[in-house]
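Colleague: Residues in the sequence shown are numbered consecutively from 1, following UniProt numbering.
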Amino acid sequence: MLPTTSVNSRSQGNGALSPRDAARHTAGAKRYKYLRRLFHFRQMDFEFALWQMLYLFTSPQRVYRNFHYRKQTKDQWARDDPAFLVILSIWLCVSTVGFGFVLDMGFFEMIKLLLWVVFIDCIGVGLLIATLMWFISNKYLVKQQNRDYDVEWGYAFDVHLNAFYPLLVILHFIQLFFINYVIISDSVIGYFVGNTLWLIAIGYYIYVTFLGYSALPFLKNTAILLYPFALLIMLYLISLACGWNFTKMLCSFYKYRVK
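1) Hey, is H172's beta-carbon within less than 8 Å of any beta-carbon in chain D?
2) Classify T247 as buried or exposed, calling it buried when 16 or more other Cβ atoms lie within 10 Å of its own Cβ.
3) Less than 8 Å between the C-beta atoms of Y204 and L167, yes or no?
4) Considering V86, what are the terminal residues of the alpha helix (DSSP H) in which it resides?
5) Along the chain, where does the alpha helix (DSSP H) that runs through K112 open and close?
6) Among all the DSSP beta bridges, which residues are the ones paired with V151?
7) Express the C-alpha separation of R70 and R79 in angstroms, rounding to a whole number.
8) Where does the unbroken alpha helix (DSSP H) through T58 begin, and where does it stop?
9) On the three-state DSSP scale, how would you describe L132?
10) Where G243 and L199 are concerned, what is the direct C-alpha to C-alpha distance, given to the nearest angstrom?
11) If I'm right that S137 touches Y213 with Cβ under 8 Å, what's the distance once you round it to whole angstroms?
12) To the nearest angstrom, how far is it from the Cα of L76 to the Cα of L240?
13) Quick check on the DSSP output: the alpha helix (DSSP H) that includes G203 runs from which residue to which?
14) Confirm, please, whether the CB-CB distance from F57 to A83 is below 8 Å.
15) So for D21, helix, strand or coil by DSSP?
16) Cutting at 7 Å between CB atoms, please list the residues of its own chain near residue 269, excluding the five before and the five after it.
17) Can you tell me whether L141 is buried or exposed? The criterion is at least 16 other CB atoms within 10 Å of its CB, across all chains shown.
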């Protein structure tokens, strides 16, 4: 069976962690180790991070299988290597610059857009979603209310990053090739293509998020995380019937933000 607690895997004879092990496995210690490695690129495994990004598209279950291995070997679910975050940040910067070129923005407007996308769209929204999911999962989805069985906040943030990456590629990279010539036109095919890409991107986000929490053996009823699919499909159909163009609305919003 996979270990779910640090108490069972690293205990003394009386069932308690030694002071050294307890200090090493606190959230603060793990966070310090992660941030410290953020400035040591030679210690990061970029090849493995790229492998994860590839499989988030082709077989996301394999990515979360690795989280099980990390729990077994390092007694934590969350990543201890910031390589994934570093590559994601590079992707975010490159794709945002591409978005700025497509929208015919100037240099300073592009910088403003980049700051907005990085600190609001990715980090700000990510912190909010991760904290919300961390609270909900620990409050309502844990099978046994016990401090030894809980969802790490770092893991909740990792799940967000995993789900955000496919969304980023679809909306900030693939979509760029269709914006000027297809999507922002006033034709039916324009908002059909644009809204369909939004459907796929957000659907991917929901599915990868579901896989992340269903991979934890001490959670129950994780299927409820798939319920937003119904609302997503309903909104998609309404948008097609009303002629809403989500991409056109996003472009107008970005241009307004960088003025």
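No residue lacks a Cβ here, since even glycine has one placed at the ideal position from N, Cα and C. None of these values were measured; they are calculated from a predicted model.
Modeller: Inspection of the coordinates gives the following:
1) Protein chains in the displayed structure number just one, and chain D is not present.
2) Stepping through the sequence shown from its first residue, residue 247 is reached at position 247. Label assigned to T247: buried.
3) Position 204 of the sequence shown, counting from 1, holds the residue named residue 204. Position 167 of the sequence shown, counting from 1, holds the residue named residue 167. The answer is yes: Cβ separation under 8 Å.
4) Start at 1 with the first residue of the sequence shown, and residue 86 comes out as number 86. Counting along the chain, the unbroken alpha helix (DSSP H) around V86 starts and ends at A83 to V102.
5) The count along the sequence shown starts at 1 and reaches residue 112 at position 112. Element bounds for K112: F107 to W116.
6) Mapped onto the sequence shown, residue 151 falls at position 151. DSSP output for V151 lists no bridge partner at all.
7) By one-based count along the sequence shown, residue 79 stands at place 79. By one-based count along the sequence shown, residue 70 stands at place 70. Taking the straight line joining both Cα atoms gives about 8 Å.
8) Counted from its first residue, the sequence shown places residue 58 at position 58. T58: member of the alpha helix (DSSP H) spanning F46 to T58, first to last residue.
9) Within the sequence shown, the letter at position 132 stands for residue 132. DSSP places L132 in helix when its eight states are reduced to three.
10) The residue given as residue 243 occupies position 243 in the sequence shown. The residue given as residue 199 occupies position 199 in the sequence shown. If I take the Cα positions, the gap works out to 15 Å.
11) One-based indexing of the sequence shown puts residue 137 at position 137. One-based indexing of the sequence shown puts residue 213 at position 213. Indeed they touch by this definition, with Cβ atoms about 6 Å apart.
12) Within the sequence shown, numbered from 1, the residue matching residue 76 stands at position 76. Within the sequence shown, numbered from 1, the residue matching residue 240 stands at position 240. Strictly speaking, residue 76 in this sequence is Gln, with Leu absent from that position. Here the alpha carbons of L240 and Q76 stand approximately 44 Å from one another.
13) In the sequence shown, the residue the question calls residue 203 occupies position 203. From DSSP, the alpha helix (DSSP H) with G203 extends over V188 to S214.
14) Reading the sequence shown from its first residue, position 83 is the one you call residue 83. Reading the sequence shown from its first residue, position 57 is the one you call residue 57. Cβ atoms of A83 and F57: not closer than 8 Å.
15) In the sequence shown, counting from the first residue as 1, residue 21 sits at position 21. At D21 the pLDDT is 47, less than 50, meaning the model places this residue with poor confidence and gives no usable figure here.
16) Residue coverage of the chain in this structure runs from 1 to 259, which leaves residue 269 outside it and unanswerable.
17) Here the question's residue 141 lines up with position 141 in the sequence shown. So L141 ends up on the buried side.
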